[in-house]
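Enquirer: Residue numbers (my numbering): 1 to 135.
I am attaching a structure below and will ask some questions about it afterwards.
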Amino acid sequence: MDLSDASRTLAGVLVLSLVTVETGGALMFRIVSGRHEATPLQRSYFRAGHAHAGVFLVLGLVVQLLVDATTLDGPAEWVARTFVPIAALLLPGGFFLSVTRPGSTEPNRLVLLVPIGAVVLAIGLLTLGIGLVTA
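Rendered as structure tokens:
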């Protein structure tokens, strides 16, 4: 299977980005094992952010293969190709950044990145789905 240059480059960046998810897993392990203090809200938000980051990065890798199977070009191709990886930053970022203050019991306004990331994800997936159906 031949990957387009765009797919190969973005896939390389996504694979390298998975190292950050691994680092987040190490933090989660310290929290769960009691070696790092976290409020119940922080535990749940960190867990959600970690899971979403990993899943969306892997989905972003799959998307690269699927975009190459479409006839999408121009802006539609880039929406389909990049919006899932962008959501992999926005949505987990909202979970993490909204509770970074020590002792957080309520999320701050950065939690708005979560629904924004969800919308970006939906746009990317809809564009890719339409591109696949119409190819």
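Every residue, glycine too, gets a C-beta built ideally from N, C-alpha and C.
For Ser44, does the count of other Cβ atoms within 10 angstroms reach 16, so buried, or fall short, so exposed?
Expert: Answer is exposed; the Cβ neighbour count stays below 16.
Enquirer: Counting Cβ pairs, one atom from each stretch, are 3 or more of them under 8 Å apart for the segment 75-88 and the segment 119-132?
Expert: Touching, yes, given that three or more Cβ pairs across the two stretches are closer than 8 Å.
Enquirer: In the structure shown, what three-state DSSP assignment does Gly40 receive?
Expert: A small correction: the amino acid at residue 40 is Pro; Gly does not occupy that position in the sequence shown. Three-state result, Pro40: helix.
Enquirer: Would you tell me roughly how many angstroms separate the C-alpha atoms of Leu3 and Ala11, rounded to the nearest one?
Expert: So the two alpha carbons sit approximately 10 Å from each other.
Enquirer: Would you call the segment 42-61 and the segment 88-96 touching, i.e. three or more CB-CB distances under 8 Å?
Expert: Because the criterion of three Cβ pairs below 8 Å is met, the segment 42-61 and the segment 88-96 touch.
Enquirer: Within 8 Å, do at least three Cβ pairs link the segment 99-112 to the segment 62-74?
Expert: The segment 62-74 is not in contact with the segment 99-112.
Enquirer: Quick one: give me the first and last residue of the alpha helix (DSSP H) that Ser7 is part of.
Expert: Looking at the DSSP string, the run of the alpha helix (DSSP H) that includes Ser7 is Asp5 to Val32.
Enquirer: By the 10 Å Cβ neighbour count, where 16 or more other Cβ atoms means buried, how is Gly74 classified, buried or exposed?
Expert: Classification for Gly74: exposed.
Enquirer: In chain order, what residues of the same chain lie with their CB nearer than 8 Å to the CB of Gly103, ignoring the 5 residues before and after it?
Expert: So the list reads Thr39, once near-sequence residues are dropped.
Enquirer: Are there 16 or more other CB atoms within 10 angstroms of the CB of Glu106, so buried, or fewer, so exposed?
Expert: Exposed is the call here.
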